[in-house]
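2 protein chains.
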Amino acid sequence: MSPIAVASIDARTGEPGKDVAWETSAAEIAALSAQAVEATTWLAGQGREGRARILNALADGLESHRDEIVAIADHETALGVPRLTGELARTAFQLRLMGEVALEGSYLDVSIEHAGDTPIGPRPDLRRINVPLGPVAVFGASNFPLAFSAPGGDTASALAAGCAVIVKAHPSHAGTSVLVDEIFQEVLAEFGAPKGVFALVFGWEAGTSLVADPKIAAVGFTGSLAGGRALFNTASARAVPIPFYGELGSVNPLVVTDAAAETRAPEIGAGIAGSMTMGTGQFCTKPGLFLVPDTDAGSRVVDSIVDSLQAVAPGHMLNDGIRSAYLGASSQLTQLDDVTVLSTGEGTDRAVAPLLIEVRAEALTGANSELLLEEHFGPFGVVIRYGNQDELAQALAAFPPALTGTVHTSGAGDPQLTDVVGELEKRSGRIVFNGYPTGVAVSWTMHHGGQYPAATSAATSVGANAIRRWVRPVVYQEAPVEVLPRELRDDPTPGLVRRIDGKLQIG
Amino acid sequence: MSPIAVASIDARTGEPGKDVAWETSAAEIAALSAQAVEATTWLAGQGREGRARILNALADGLESHRDEIVAIADHETALGVPRLTGELARTAFQLRLMGEVALEGSYLDVSIEHAGDTPIGPRPDLRRINVPLGPVAVFGASNFPLAFSAPGGDTASALAAGCAVIVKAHPSHAGTSVLVDEIFQEVLAEFGAPKGVFALVFGWEAGTSLVADPKIAAVGFTGSLAGGRALFNTASARAVPIPFYGELGSVNPLVVTDAAAETRAPEIGAGIAGSMTMGTGQFCTKPGLFLVPDTDAGSRVVDSIVDSLQAVAPGHMLNDGIRSAYLGASSQLTQLDDVTVLSTGEGTDRAVAPLLIEVRAEALTGANSELLLEEHFGPFGVVIRYGNQDELAQALAAFPPALTGTVHTSGAGDPQLTDVVGELEKRSGRIVFNGYPTGVAVSWTMHHGGQYPAATSAATSVGANAIRRWVRPVVYQEAPVEVLPRELRDDPTPGLVRRIDGKLQIG
Numbered sequence: 028m029s030p031i032a033v034a035s036i037d038a039r040t041g042e043p044g045k046d047v048a049w050e051t052s053a054a055e056i057a058a059l060s061a062q063a064v065e066a067t068t069w070l071a072g073q074g075r076e077g078r079a080r081i082l083n084a085l086a087d088g089l090e091s092h093r094d095e096i097v098a099i100a101d102h103e104t105a106l107g108v109p110r111l112t113g114e115l116a117r118t119a120f121q122l123r124l125m126g127e128v129a130l131e132g133s134y135l136d137v138s139i140e141h142a143g144d145t146p147i148g149p150r151p152d153l154r155r156i157n158v159p160l161g162p163v164a165v166f167g168a169s170n171f172p173l174a175f176s177a178p179g180g181d182t183a184s185a186l187a188a189g190c191a192v193i194v195k196a197h198p199s200h201a202g203t204s205v206l207v208d209e210i211f212q213e214v215l216a217e218f219g220a221p222k223g224v225f226a227l228v229f230g231w232e233a234g235t236s237l238v239a240d241p242k243i244a245a246v247g248f249t250g251s252l253a254g255g256r257a258l259f260n261t262a263s264a265r266a267v268p269i270p271f272y273g274e275l276g277s278v279n280p281l282v283v284t285d286a287a288a289e290t291r292a293p294e295i296g297a298g299i300a301g302s303m304t305m306g307t308g309q310f311c312t313k314p315g316l317f318l319v320p321d322t323d324a325g326s327r328v329v330d331s332i333v334d335s336l337q338a339v340a341p342g343h344m345l346n347d348g349i350r351s352a353y354l355g356a357s358s359q360l361t362q363l364d365d366v367t368v369l370s371t372g373e374g375t376d377r378a379v380a381p382l383l384i385e386v387r388a389e390a391l392t393g394a395n396s397e398l399l400l401e402e403h404f405g406p407f408g409v410v411i412r413y414g415n416q417d418e419l420a421q422a423l424a425a426f427p428p429a430l431t432g433t434v435h436t437s438g439a440g441d442p443q444l445t446d447v448v449g450e451l452e453k454r455s456g457r458i459v460f461n462g463y464p465t466g467v468a469v470s471w472t473m474h475h476g477g478q479y480p481a482a483t484s485a486a487t488s489v490g491a492n493a494i495r496r497w498v499r500p501v502v503y504q505e506a507p508v509e510v511l512p513r514e515l516r517d518d519p520t521p522g523l524v525r526r527i528d529g530k531l532q533i534g
Numbered sequence: 028m029s030p031i032a033v034a035s036i037d038a039r040t041g042e043p044g045k046d047v048a049w050e051t052s053a054a055e056i057a058a059l060s061a062q063a064v065e066a067t068t069w070l071a072g073q074g075r076e077g078r079a080r081i082l083n084a085l086a087d088g089l090e091s092h093r094d095e096i097v098a099i100a101d102h103e104t105a106l107g108v109p110r111l112t113g114e115l116a117r118t119a120f121q122l123r124l125m126g127e128v129a130l131e132g133s134y135l136d137v138s139i140e141h142a143g144d145t146p147i148g149p150r151p152d153l154r155r156i157n158v159p160l161g162p163v164a165v166f167g168a169s170n171f172p173l174a175f176s177a178p179g180g181d182t183a184s185a186l187a188a189g190c191a192v193i194v195k196a197h198p199s200h201a202g203t204s205v206l207v208d209e210i211f212q213e214v215l216a217e218f219g220a221p222k223g224v225f226a227l228v229f230g231w232e233a234g235t236s237l238v239a240d241p242k243i244a245a246v247g248f249t250g251s252l253a254g255g256r257a258l259f260n261t262a263s264a265r266a267v268p269i270p271f272y273g274e275l276g277s278v279n280p281l282v283v284t285d286a287a288a289e290t291r292a293p294e295i296g297a298g299i300a301g302s303m304t305m306g307t308g309q310f311c312t313k314p315g316l317f318l319v320p321d322t323d324a325g326s327r328v329v330d331s332i333v334d335s336l337q338a339v340a341p342g343h344m345l346n347d348g349i350r351s352a353y354l355g356a357s358s359q360l361t362q363l364d365d366v367t368v369l370s371t372g373e374g375t376d377r378a379v380a381p382l383l384i385e386v387r388a389e390a391l392t393g394a395n396s397e398l399l400l401e402e403h404f405g406p407f408g409v410v411i412r413y414g415n416q417d418e419l420a421q422a423l424a425a426f427p428p429a430l431t432g433t434v435h436t437s438g439a440g441d442p443q444l445t446d447v448v449g450e451l452e453k454r455s456g457r458i459v460f461n462g463y464p465t466g467v468a469v470s471w472t473m474h475h476g477g478q479y480p481a482a483t484s485a486a487t488s489v490g491a492n493a494i495r496r497w498v499r500p501v502v503y504q505e506a507p508v509e510v511l512p513r514e515l516r517d518d519p520t521p522g523l524v525r526r527i528d529g530k531l532q533i534g
């Protein structure tokens with residue numbers, strides 16, 4: 028059987044261009060995962076300083092090929108040069124931040140307890156540190172060809188932790204992934220890295236084989252609920268189950284309180300329209316459901332959304348599958364009995380226009396609730412009008428957990444605020460106040476995740492804590508100092524936070 | 028259908044005594060999990076100080092009923108009054124330590140970043156804190172009727188995190204669990220707690236229903252590989268999968284280097300015999316496989332184990348199932364072709380004597396390797412003689428991951444030490460030097476877990492970090508100060524470690 032070719036596809040025309048790779052065979056997967064085991068040993072051996080240098084060099088590599096990468100990514104995703112230039116900068120920033128996180132070292136969770144007496148008897152000398160889990164499989168997302176794909180946050184955090192990475196490239200931007208791989212291999216060669224610190228595979232079957240491979244220790248995934256759940260099931264059903272860190276997207280509710288509508292209707296409406304259509308609505312943090320009071324002020328918010336949407340040009344979608352799904356869902360939703368269509372622009376042959384519909388709050392618990400509460404990629408939104416706080420609370424309780432929940436409020440005196448925040452906290456990874464959930468800051472504090480179906484674990488895929496997914500603790504009991512990693516020795520460790528005899532200490 | 032009664036069983040005779048409970052029905056499980064949701068809200072509302080007070084009071088409650096608890100636990104487990112008195116003290120200590128861990132608050136992983144500029148644009152104000160996951164199901168273990176059962180570490184850590192607990196009581200010590208429940212309910216009533224902060228269920232089917240219940244947010248389990256894996260599969264196959272923190276036991280390899288055998292043969296042999304027969308060999312950290320050099324000094328270690336075992340009286344096992352499994356495995360193992368029986372004492376009608384067998388290192392990769400590398404509860408050990416470092420490395424590579432790995436060494440100059448530690452680190456949660464793995468210190472540093480099949484996650488079930496299993500992060504973005512939990516406000520928080528603008532700070 029000859030290998031199946033993978034082409035670079037023009038997102039604006041849907042036409043496949045030249046072949047850039049081929050689907051990876053089972054034998055190739057086995058060889059790559061064996062290399063990744065050796066490469067993990069090498070990477071762990073570089074130490075945190077060495078890995079930070081590698082991550083910085085990978086970031087430099089991306090930036091020195093900026094125009095070339097942005098051009099092919101734009102060709103394959105139609106996301107546009109400005110957005111992709113920003114995404115490249117973000118991706119380089121993520122790589123460097125993960126180097127800083129490795130250097131800072133709090134992710135090692137070092138704890139040292141000297142031998143001593145306790146109320147229940149003597150305690151031996153105990154010293155704990157986190158060590159790399161092993162080779163990590165990463166599944167890139169269609170909608171971020173860089174920041175959540177081959178060179179993205181999962182790759183950066185796994186390398187920072189000392190784990191080799193095998194990326195299952197998204198077929199929707201194969202050429203971008205191949206170019207990134209070439210750049211990364213060149214950088215890694217300069218460090219004398221063995222084969223397998225970073226590798227790329229293609230094909231749906233290859234992805235499943237990768238998750239099932241006994242040498243893979245964990246999986247990072249960003250993508251659809253259906254695809255993510257299938258791979259989660261594979262990871263959990265292995266003879267040796269492994270952690271599957273899936274970010275599966277979400278509908279992100281946005282609440283406008285009465286008081287907020289009274290004071291800021293035009294501004295909120297414009298903001299909603301912008302956030303919902305950013306990147307042609309193809310963000311996992313896209314706000315999809317807008318809970319707006321059934322008042323005159325609420326109607327002014329809705330009018331402002333509709334007005335703002337008029338100015339939004341039709342946009343190209345990432346690929347034909349996503350475009351068909353969007354058009355199919357749009358047509359289903361606009362035909363529902365209890366739905367009012369507020370805004371529907373003229374698309375072109377291949378570019379889609381924004382669509383806004385409205386329902387009453389009770390629709391979320393009615394016969395069409397499943398369709399309304401599903402995530403729909405694309406420039407689509409649902410306005411949900413609520414009559415009072417009870418209706419709002421019931422509507423919020425109908426939501427599945429989400430990556431984010433947003434509230435627009437007049438502030439501390441707003442009588443609805445406490446209840447709304449309470450409901451959002453029960454089912455959100457991030458609560459946004461008077462803003463919009465699109466745009467996930469990359470920082471020490473960010474949590475990008477949530478309860479299922481937003482994610483398959485309590486971990487984050489963005490921000491400093493992403494590194495914690497790829498390590499496991501080991502305790503040394505009464506170890507001779509010579510065998511201890513340097514972080515576990517009594518010598519001072521400038522800048523490193525450690526718990527010593529129960530108390531956190533810095534340096 | 029009338030409910031199935033659960034009796035208190037005399038471990039020494041195997042005779043069931045009076046009924047102390049009945050198997051919990053599906054309807055009762057549903058009612059209990061609904062109560063647990065409300066109770067979690069109440070518990071979270073008590074704050075960390077409130078929960079620490081409750082945990083201290085629960086510890087006091089156990090201690091003020093010490094004699095009564097120890098008597099029934101001894102009746103049901105045959106573990107003996109001294110051991111159970113110690114276990115009760117340990118259990119009370121765990122509850123209090125978890126109160127301290129809640130108060131200390133680093134498990135909240137608080138991070139505050141004020142709005143600011145970054146190389147990739149402005150960053151909003153972000154504040155992160157961990158919140159309780161929701162009701163937790165706990166499965167008690169047969170071999171620790173207190174410390175890893177109803178009032179044990181999983182319960183203590185879940186309550187500390189703010190999660191209500193439903194314990195699936197082990198049928199082997201039903202009366203002990205019922206007594207603990209009565210004491211806990213009395214203490215909780217004094218705090219005005221609603222029903223459901225702590226509850227007990229009985230029966231195998233009830234356990235499965237509990238894990239499948241949509242209101243249960245996570246599971247803590249200590250027990251067998253077969254039982255744990257079945258429940259892990261249930262937890263992973265739910266419509267909404269939940270984390271399953273299973274500690275499934277392990278064979279715990281113990282290596283004696285050439286140099287250690289030369290210098291400390293009698294002492295090491297006596298130590299091995301003691302550790303392997305402690306609690307009649309019914310510890311998940313029982314060392315089961317002893318890698319001893321094929322030298323004269325190695326033979327002196329083996330002789331010392333055999334001599335020491337002569338002095339060990341036959342012991343009663345926890346229940347008839349465990350006793351039958353032990354006798355069955357013993358009889359299979361002693362009849363293998365490549366096995367030499369080194370020591371087999373005379374048991375009584377119901378008490379079992381220690382058994383020690385010997386194989387050569389190559390047996391671990393031979394036809395009987397599976398049987399040899401399985402965990403066998405009971406006072407049973409396998410001496411594995413190795414000829415050189417290569418044979419030792421191959422034998423260690425054949426081991427499944429374990430909770431612990433132990434090395435006896437002459438210290439820094441020992442030429443085998445680095446390689447042995449390297450191999451143990453690949454597949455152990457804790458590496459013990461010149462000691463024995465039985466006896467798991469309860470402290471800030473302890474890690475009690477390991478890679479599968481030792482555990483189903485990288486988490487620990489003992490020590491301060493056990494609390495981290497029961498929380499999930501929430502980020503507040505640009506929140507008005509009034510809605511922030513006090514830990515997320517700019518005000519100083521005496522003693523609490525927080526990350527502020529990227530830097531960890533204490534207080």
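Quick mapping for you: the protein sequence lines, in order, are chains A and B.
Be aware that the first sequence starts at 28, since it is given in our numbering, and climbs by one per residue.
Be aware that the second sequence starts at 28, since it is given in our numbering, and climbs by one per residue.
Backbone N, C-alpha and C fix where the C-beta goes; we use that ideal spot for every residue, glycine too.
Against chain B, with Cβ distances strictly below 9 angstroms, would HIS474/A count as a contact?
True, the Cβ-Cβ gap to chain B drops below 9 angstroms.
Under the rule that 16 or more other beta-carbon atoms within 10 Å means buried, what is LEU67/B, buried or exposed?
Reading off the sequence shown, one finds Thr at residue 67/B, where the question assumed Leu. Buried.
By Cβ distance below 8 angstroms, which residues in the same chain neighbour GLN359/B in space, the five residues on each side in sequence not counted?
Correct list, in chain order: LEU398.
From what residue to what residue does the alpha helix (DSSP H) around ARG212/B run?
According to the sequence as given, residue 212/B is Gln; it is not Arg. Here the alpha helix (DSSP H) through GLN212/B covers 201-217.
By the three-class DSSP mapping on this structure, what secondary structure does ALA471/B have?
In the sequence under discussion, the amino acid at residue 471/B is Trp, which differs from the Ala named in the question. Three-state DSSP puts TRP471/B in coil, outside helix and strand.
Going along the chain, which residues of its own chain have a beta-carbon closer than 6 angstroms to the beta-carbon of THR487/A, five neighbours each way excluded?
The answer, listed in chain order, is HIS474, HIS475, GLY476, ALA493.
Thinking C-alpha only, which one of PRO428/A, TYR479/A, GLY440/A is nearest ILE458/A?
The shortest Cα separation from ILE458/A among PRO428/A, TYR479/A, GLY440/A belongs to PRO428/A.
Do VAL447/A and LEU419/A have their beta-carbon atoms positioned less than 9 angstroms apart in this structure?
The answer is yes: Cβ separation under 9 angstroms.
Tell me TRP49/B's beta-bridge partners as DSSP assigns them.
Answer is ALA32/B.
Quick check on PHE259/A - is its C-beta less than 9 angstroms from some C-beta in chain B?
Interface residue, yes.
Name the chain A residues that come within less than 8 angstroms of ILE139/B, Cβ to Cβ?
Chain A residues near ILE139/B: THR472.
Report back the beta-carbon spacing between PRO280/A and GLY432/A to the nearest angstrom; my notes put them in contact at under 8 angstroms.
Right, their Cβ atoms sit about 5 angstroms apart.
Determine the closest residue to ASP569/B out of ARG513/A, ASN461/A, GLY247/A, with distance taken between C-alpha atoms.
Because chain B in this structure spans residues 28 to 534, residue 569/B falls outside the shown range and cannot be described.
If the cut is a Cβ gap below 9 angstroms, which residues of chain A does GLY456/B touch?
Within 9 angstroms Cβ-Cβ: ARG499, PRO500, VAL501, VAL502.
Ends of the alpha helix (DSSP H) at GLN121/B?
First-last of the alpha helix (DSSP H) with GLN121/B: 108-131.
Whole beta strand (DSSP E) runs in the region 317-375 of chain B with 3 or more residues, listed along the chain?
Here the runs fully enclosed are 367-371.
Report yes if the CB atom of ALA79/A is closer than 9 angstroms to the CB atom of ALA116/A, and no otherwise.
No, the Cβ-Cβ distance between ALA79/A and ALA116/A is not below 9 angstroms.
Could one say the Cβ of ARG154/B lies closer than 9 angstroms to chain A's Cβ atoms, at least one of them?
ARG154/B counts as touching chain A.
Looking at C-alpha atoms only, which residue of LEU82/B, GLU114/B, ARG154/B, LYS45/B is the closest neighbour of VAL501/B?
Comparing Cα positions, the closest option is ARG154/B.
Just curious, the beta strand (DSSP E) that GLU274/A is in, first and last residue?
Counting along the chain, the beta strand (DSSP E) containing GLU274/A begins and ends at 271-274.
Quick one: residues in its chain with C-beta nearer than 8 angstroms to the C-beta of SER263/B, no 5 flanking neighbours on either side, listed in chain order?
Excluding positions up to five away in sequence, the list reads PHE271.
When you compare only the Cα positions, how much space is there between VAL339/B and VAL329/B?
Approximately 16 angstroms, taken between the alpha carbons.
For ILE95/A, count neighbouring Cβ atoms within 10 angstroms of its own Cβ and tell me buried if that reaches 16, exposed if not.
The sequence given here has Glu at residue 95/A, not Ile. So GLU95/A ends up on the exposed side.
In this structure, does DSSP put ALA71/B in helix, strand or coil?
Looking at ALA71/B - three-state DSSP - the assignment turns out to be helix.
If you count every other CB in all the chains shown that lies within 10 Å of the CB of LYS45/A, and 16 or more means buried, which is it?
The residue in question, LYS45/A, is exposed, as its Cβ has fewer than 16 Cβ neighbours within 10 Å.
My output table needs one value for GLY522/B: the three-state DSSP class, helix, strand or coil.
In this structure, GLY522/B counts as coil in the three-state DSSP scheme.
Whole angstroms are fine: how far does the CA of THR284/B sit from the CA of LEU258/A?
About 44 angstroms.
So which residues of chain B does THR445/A contact, with C-beta pairs closer than 9 angstroms?
Near THR445/A (Cβ distances below 9 angstroms), the residues of chain B are GLU509, VAL510.
Can you check DSSP and say which residues form a bridge with HIS541/B?
Shown here, chain B extends from 28 to 534; a query on residue 541/B therefore has no answer.
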